[in-house]
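Number of protein chains: 2
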Amino acid sequence: MKNKAKNWFEGLRNNLVKMIEDHDGAKFKVKSWKHAGKGGGIMSIIKGDVIEKGGVNISTVAGEFSKKMQQRIPGADKDPSYWATGISVVLHPVNPNIPSMHFNTRYLVTQKRWFGGGMDITPCLDFELETEKFHEDLKQMCNTHDSTYYPKYKKWCDEYFFLKHRNEARGIGGIFFDYLNNDDFEKDFDFIHDVGSFFHKYVNQIITKNKDKNWTREERKRQLIKRGRYVEFNLLYDRGTKFGLETGGNTEAILMSLPPLAEWE
Amino acid sequence: MKNKAKNWFEGLRNNLVKMIEDHDGAKFKVKSWKHAGKGGGIMSIIKGDVIEKGGVNISTVAGEFSKKMQQRIPGADKDPSYWATGISVVLHPVNPNIPSMHFNTRYLVTQKRWFGGGMDITPCLDFELETEKFHEDLKQMCNTHDSTYYPKYKKWCDEYFFLKHRNEARGIGGIFFDYLNNDDFEKDFDFIHDVGSFFHKYVNQIITKNKDKNWTREERKRQLIKRGRYVEFNLLYDRGTKFGLETGGNTEAILMSLPPLAEWE
Chain L
135 MKNKAKNWFE GLRNNLVKMI EDHDGAKFKV KSWKHAGKGG GIMSIIKGDV
185 IEKGGVNIST VAGEFSKKMQ QRIPGADKDP SYWATGISVV LHPVNPNIPS
235 MHFNTRYLVT QKRWFGGGMD ITPCLDFELE TEKFHEDLKQ MCNTHDSTYY
285 PKYKKWCDEY FFLKHRNEAR GIGGIFFDYL NNDDFEKDFD FIHDVGSFFH
335 KYVNQIITKN KDKNWTREER KRQLIKRGRY VEFNLLYDRG TKFGLETGGN
385 TEAILMSLPP LAEWE
Chain E
135 MKNKAKNWFE GLRNNLVKMI EDHDGAKFKV KSWKHAGKGG GIMSIIKGDV
185 IEKGGVNIST VAGEFSKKMQ QRIPGADKDP SYWATGISVV LHPVNPNIPS
235 MHFNTRYLVT QKRWFGGGMD ITPCLDFELE TEKFHEDLKQ MCNTHDSTYY
285 PKYKKWCDEY FFLKHRNEAR GIGGIFFDYL NNDDFEKDFD FIHDVGSFFH
335 KYVNQIITKN KDKNWTREER KRQLIKRGRY VEFNLLYDRG TKFGLETGGN
385 TEAILMSLPP LAEWE
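As they're listed, the protein sequences go chains L and E.
Just add 134 to the spot in the first sequence (first one is 1) and you have the working numbering.
Just add 134 to the spot in the second sequence (first one is 1) and you have the working numbering.
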């Protein structure tokens with residue numbers, strides 16, 4: 135099960151990297167890093183003409199949670215050992231007509247085991263029609279697995295990606311889930327599969343559709359300000375960022391999600 | 135004592151604003167805001183040719199601390215009432231040869247009363263000679279009040295303005311102090327006076343010296359990346375930012391410190 139998850143994440147990374155490179159012309163640069171416990175990760179970073187800054191990080195790590203963390207993580211109260219594999223992707227495109235796009239999934243093993251992850255989209259210009267279609271497609275995909283998923287995971291996403299201090303959503307949402315375990319690895323793994331494939335297809339389709347659209351200086355400015363909000367969310371609220379920095383994770387990999395350029399008025 | 139502190143902060147704000155406007159040509163825009171308890175503040179924001187983004191915020195507020203805060207604030211354990219007045223200044227200059235400059239002082243009254251504040255400087259280019267002179271002058275100023283101040287407050291500043299996740303200082307430091315109360319208001323107020331005057335003089339002098347220096351694209355890039363670190367510090371660590379956002383403070387005034395534009399590689 136561990137290997138199946140790990141291999142799928144690696145394959146997905148390869149497909150995403152290839153698709154984006156085909157659009158962009160630029161190539162991803164690859165950097166590997168070691169985890170403080172066992173294992174490590176590989177960061178792939180692109181800075182191109184379509185994706186201004188994009189990162190794909192995969193990692194497979196193992197270790198022992200601190201006493202404090204043990205209380206917060208399911209299945210770790212008696213045995214602090216963990217094993218985890220995951221993929222996370224953040225794309226900040228040049229063209230303000232293409233949203234910033236975020237996706238991650240992970241498989242965590244303690245005395246329990248589960249999948250977590252999600253995807254969400256942050257447009258900076260009018261995106262009403264695309265928003266509707268994105269959610270409609272996402273719902274359909276979720277429904278092929280379980281009709282409770284989409285409403286539950288959309289709500290979770292909306293609640294999570296919210297900037298309380300601005301009373302403002304980070305973007306137009308998507309899905310967010312954690313502790314997914316139906317006591318049926320194949321069923322859960324199929325869903326994870328489809329979440330990744332959905333993201334791959336969505337990125338490909340929206341880049342194809344919008345990469346040659348023109349934009350104005352004023353639209354660029356709106357993009358940079360929206361990216362400022364993205365920075366605020368990731369540094370003030372994001373669990374993964376906080377968890378990573380607090381537990382001495384790889385700073386470069388953790389902050390890979392920050393945009394290339396951001397503005398505050 | 136409350137009025138003396140409040141009036142001095144207002145006078146200092148007026149002097150700082152005038153001095154910066156004289157350098158810049160641009161004018162500060164003024165916005166007032168109300169506090170959830172009593173009182174409020176006035177934000178003055180400039181976006182000019184010398185200061186790309188600068189903010190001067192003064193506020194005088196009163197209210198009652200939450201139960202949680204009561205335990206953390208001296209003199210509030212039995213009576214949650216507080217009164218506070220303060221000034222905070224952050225300047226992000228256009229020219230990379232001028233550092234970003236930060237200063238604040240406040241007077242807090244609970245069942246105890248004290249001053250807090252500090253100033254620190256964040257250059258992005260080589261600044262060795264200026265750093266030495268800045269610290270030498272700051273030390274001299276502090277020594278006219280108390281020879282223990284400079285070593286103590288410089289250390290506090292170095293420890294405070296530090297990005298643990300990057301093992302990197304935010305800038306070249308300065309002084310940082312809190313809970314200043316020698317049971318002699320005039321003595322403490324004289325020090326606060328001199329801290330403010332020192333900052334005013336320093337800003338005037340470094341702008342005069344460096345505002346007409348040329349810079350390269352590469353130096354601009356170094357500036358934007360250093361500003362990214364500034365954002366990381368303020369959103370991940372800064373006590374004032376966290377305190378303000380958690381207690382429902384004015385978001386615009388709290389985040390006034392963020393730079394106009396920042397870059398992440």
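Just so you know, even glycine gets a beta-carbon here, dropped at the ideal spot from N, CA and C.
In this text, all values refer to a predicted model and were calculated from it rather than measured experimentally.
The beta carbons of I255(L) and P227(L) sit no closer together than 7 Å. Identification of chain E residues near V365(L) by a Cβ-Cβ cut-off of 9 Å yields G362, V365, E366, L369, L392, A396, W398, ordered along the chain.
Residue-level contact by beta carbon fails for L259(E) and chain L, as no gap is shorter than 7 Å. The beta carbons of F237(E) and M253(E) sit closer together than 7 Å.
As computed with DSSP, W167(L) is found in a beta bridge with G175(L). Residue-level contact check: H299(L) touches chain E, since one or more beta carbons of chain E fall below 7 Å from its beta carbon. Within the same chain, and ignoring the five residues on either side of K187(E) in sequence, the residues whose Cβ sits closer than 7 Å to its Cβ are K181, H226, P393, P394. Judged by pairs of C-beta atoms under 8 Å, the region 309-319 of chain L touches the region 279-297 of chain L, as three or more such pairs exist.
Around the C-beta of F377(L), fewer than 16 other C-beta atoms lie within 10 Å, and the residue is accordingly described as exposed. Take H334(L), set aside five residues on each side of it, and the residues of its chain with a beta-carbon closer than 8 Å to its own are L146, N149, L150, M153, in chain order. When only Cα atoms are considered, A218(E) and R206(E) end up about 16 Å apart. Close CB contacts of L259(L) within its chain, under the 7 Å cut and outside five residues either way in sequence, are with P230, N231, E353, R356 (chain order).
Just so you know, the alpha carbons of S331(E) and I341(E) end up roughly 16 Å apart. Counted as a single uninterrupted DSSP element, the stretch harbouring E399(L) is not any alpha helix (DSSP H), since DSSP gives it neither H nor E. Between C291(E) and I306(E), the gap from beta carbon to beta carbon reaches 7 Å or more.
In the three-state reduction of the DSSP assignment, F311(E) falls in the strand class, which pools E and B. If you look at W290(E), you'll find it isn't in any beta strand (DSSP E); it sits in the alpha helix (DSSP H) that goes 283-294. For the pair G209(E) and V195(E), the CB atoms are not nearer than the 7 Å cut-off. The three-state reading of DSSP puts F367(L) in helix, counting H, G and I together.
Linking L389(L) to E399(E) through their CA atoms gives a straight-line distance of about 10 Å. One Cα belongs to K201(E), the other to P214(E), and the distance between them is close to 8 Å. With a 10 Å radius around the Cβ and a threshold of 16 neighbouring Cβ atoms, G159(L) comes out exposed. Here V224(L) really is in contact with S391(L); their C-beta atoms are around 4 Å apart, less than 8 Å. T385(E) belongs to the set of residues whose beta carbon lies under 7 Å from a beta carbon in chain L. The Cβ atoms of A396(L) and L369(L) lie no closer than 7 Å to each other.
Considering only L263(L), D271(L), Y371(L), G383(L), the residue with the shortest C-alpha distance to E293(L) is Y371(L). Counting along the chain, L225(L) sits inside the beta strand (DSSP E) bounded by residues 215-227. Residue burial is scored here from C-beta neighbours: M177(L) has at least 16 other C-beta atoms within 10 angstroms and is therefore classed as buried. Here the alpha carbon of F143(E) sits roughly 28 Å from the alpha carbon of D211(E). Counting every other CB atom within 10 Å of its CB across the protein chains shown gives A387(L) a total of 16 or more, marking it as buried.
Per DSSP, reduced to three states, the secondary structure at R240(E) is strand.
Cα atoms of M135(L) and I185(L): separation of roughly 34 Å, rounded to the nearest angstrom. For M235(L), the CB contacts under 7 Å within the same chain, skipping 5 residues up- and downstream, are L225, I255, V337 in chain order. Taking the CA atoms as reference points, S222(L) sits about 24 Å from F367(E).
For the pair N344(E) and G362(E), the Cα-to-Cα distance works out to about 22 Å. What L225(E) touches in chain L, judged by beta-carbon distance under 9 Å, is nothing: the nearest beta carbon there is about 14 Å away.
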